[in-house]
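Contents: one structure, followed by commentary.
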Amino acid sequence: MRIFTTKLLGLALTGLILSSCSQMATFEDADLANEQAVAEKAGYKLSPFGATSGVNLRTICGQATTKNIRRLQGSAAIQAADYGDIVVSNDQTNIYIDITPSGISPVSYAYFLGNHTSLANLGALNGVLTVNTSASPSFVIPIAGIADVYPAIDGVNFDLGVVLQLADGTTRYWGEGTAFINNIPGQQGRHFVYTIQTDCPEPNCFGPEEGSWTEGFEYNPGKNFSEYSSLSDLLLGVKLQAGAQYTHVGNAIAAEELGEQGEELVKITVTLLSGYVFGDESFDEEGNLLPGSLFVQPFGQSDVDNGTIPGLQNNNNPAPGQFLYKFNNVTGSSYTISGLPKADYYGIKTAVQAIIECPAN
């Protein structure tokens, strides 16, 4: 862990910023350019273990702060109700505000950031609604741009007010906290203190991606490294193997299940070994690894006998972009796909990257 401390007023927050490293490359299968954007097939559930959303993909410092969303007008019951959560976190570069409303449908979201003692409530509200407003429930605030800070024992504190506004333009919900000074009737805004977390993990760097298939039978015997697995083997568990060297990078196991109408279905869990992540060498502007992809194709014994295995290409690895089931938000260390039709065989393809030591700057 890398520890930062702050002791002086007006701390140069840019000192918190660490450069991240990444390697960029083209995904190995050119045919995925159009296919990878396809959403999960309706009726099939992809359940990640370890990370479930873009929020959890971040390597945040310390602990996130969570506040309930409240309506500050109306009956006692209305004001006591919970209308969702506001989660605030940071890494070495940015502060993240992620708003998840519940039971309401805001048309806009906004935040106030600074020292609340310098503003009366109406001034803060007007500043929020005219400057920091968005239709998106998430905000990314560069740490380097924060000027209104003051010292704290464990980092840098600032006041944060978050407001959600409904379509009528007057009904608003705030993150729970302390009332702004000089609150004006009808404008009962709230703020809370957020401390920039300074206990930050070392950044990860990643090796090049390797196309990975579950072990079993070769698609084109002796011509390439792609394989498909029988259901009977998957029920016992098979290896996930990367590249032409068949490097063992994970495992896959299947289980039979029944659908709502009693139909026979299968769920498959792919779990990576320690030191590997799902990824296809795609990174965001900050150098963070983006989610990877997972492709599954069920087929029968007749396809094997007749040479009609879906996606099969002569002398080449199959085209996973043509597989029936495509998932493009694969994160964490393990994924379970439920609701697949029962079949004799399954082609299962993903890409993994090894976590490596970051090179010296």
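The sequence shown begins at 1229 in the working numbering and counts up by one. Built from N, CA and C at the ideal position, the CB exists for glycine as well. On a predicted model such as this, the values are computed, not experimentally measured, just so you know.
Assigned secondary structure, aspartate 1313 (DSSP; H/G/I helix, E/B strand, else coil): The three-state secondary structure of aspartate 1313, taken from DSSP, is strand.
Would you mind sorting glutamate 1437 into buried or exposed? The rule is 16 or more other CB atoms within 10 Å of its CB. Result: buried.
For glutamine 1469, count the other beta carbons within 10 Å of its own beta carbon; 16 or more makes it buried, fewer makes it exposed. Which is it? Residue environment: glutamine 1469 is assigned as buried (16 or more neighbouring CB atoms within 10 Å of its CB, all protein chains considered).
Assign leucine 1463 to buried or exposed, taking buried as 16 or more other Cβ atoms, counted over all protein chains shown, within 10 Å of its Cβ. Counting every other CB atom within 10 Å of its CB across the protein chains shown gives leucine 1463 a total below 16, marking it as exposed.
The stretch 1487–1495 contacting the stretch 1562–1570, beta-carbon criterion three pairs below 8 Å: By the C-beta criterion, the stretch 1487–1495 is judged to be in contact with the stretch 1562–1570, since at least 3 inter-stretch pairs fall below 8 Å.
Which value, in whole angstroms, describes the spacing of the CA atoms of cysteine 1586 and phenylalanine 1434? Counting only the Cα atoms, phenylalanine 1434 lies some 8 Å from cysteine 1586.
Which class does serine 1460 belong to by DSSP, given the choice of helix, strand or coil? When secondary structure is reduced to three states using DSSP, serine 1460 falls in the helix class.
In whole angstroms, what is the alpha-carbon distance linking threonine 1426 and isoleucine 1496? Distance between the alpha carbons of threonine 1426 and isoleucine 1496 is about 39 Å.
Taking glycine 1481 as part of the beta strand (DSSP E), name the residues at either end of that continuous run. Note on residue identity: the sequence assigns isoleucine, not glycine, to residue 1481. DSSP places isoleucine 1481 in the uninterrupted beta strand (DSSP E) bounded by 1475–1486.
From the DSSP output, in three-state form, read off alanine 1547 for me. Coil.
Could you check if serine 1250 is buried or exposed, using at least 16 other CB atoms within 10 Å of its CB as the buried criterion? Low confidence applies here, because serine 1250 scores a pLDDT of 32, under 50, leaving its location unreliable; read the following figure in that light. The residue is buried, with at least 16 neighbouring Cβ atoms inside 10 Å.
So, helix, strand or coil for isoleucine 1323, using DSSP? Here DSSP, grouped into helix, strand and coil, assigns isoleucine 1323 to strand.
Please report the straight-line C-alpha distance between serine 1454 and tryptophan 1441, rounded to a whole angstrom. Each residue's Cα considered, the two are about 6 Å apart.
When the Cα atoms are used, what is the spatial distance from leucine 1341 to leucine 1517? The straight-line gap separating the alpha-carbon atoms of leucine 1341 and leucine 1517 is approximately 29 Å.
Just the Cα atoms here: how many angstroms apart are asparagine 1545 and proline 1538? Taking the straight line joining both Cα atoms gives about 12 Å.
Chain-order list of residues whose beta-carbon lies under 8 Å from that of proline 1329 (same chain, five-residue window excluded): Excluding its 5 nearest sequence neighbours in each direction, proline 1329 has C-beta neighbours in its own chain below 8 Å: Ile1297, Tyr1311, Gly1312, Pro1365, Leu1392 and Tyr1401, listed in chain order.
When Ile1583, Ala1304, Ile1576 and Ile1323 are compared against serine 1457, the one with the closest alpha-carbon: Out of Ile1583, Ala1304, Ile1576 and Ile1323, the CA that lies nearest to the CA of serine 1457 is found in Ile1576.
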